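Numbering (my numbering), first residue to last: 3 to 76.
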């Protein structure tokens, strides 16, 4: 039994100009998650893929950053 969580961004789904290198890495992570679901579901290992379109930082520098504790509470 176990859990695997990964974070993604909506750019992977929508696609935006000038983000191709960033999207390749995140798309690979999303594909890995889909593969792991098929492979590990029968072993009671759960996979979660979360899309968060903000920066994650412990200190708030502005409206674009979100604290990790806020994510955990939701």
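Note that beta-carbon positions come from the ideal geometry of N, C-alpha and C, so glycine has one too.
Since we're looking at a predicted model, the values are computed, not measured.
- Between residue 49 and residue 38 a beta carbon distance of about 5 angstroms is seen, short of the 8 angstroms cut, so the two are scored as contacting.
- With contacts defined by Cβ atoms closer than 8 angstroms, residue 55 and residue 11 form a contacting pair.
- Contact check for residue 40 against residue 14 fails: the beta carbons are separated by 8 angstroms or more.
- Residue 36 and residue 26 have their C-alpha atoms some 15 angstroms from each other.
- DSSP, reduced to helix, strand and coil, places residue 73 within a helical segment of the structure shown.
- Contact between residue 7 and residue 47 is ruled out by a C-beta separation of about 12 angstroms, above the 8 angstroms threshold.
- The alpha-carbon of residue 42 is positioned some 15 angstroms away from that of residue 51.
- Shown here, residue 22 sits in a helix according to DSSP, grouped into three states.
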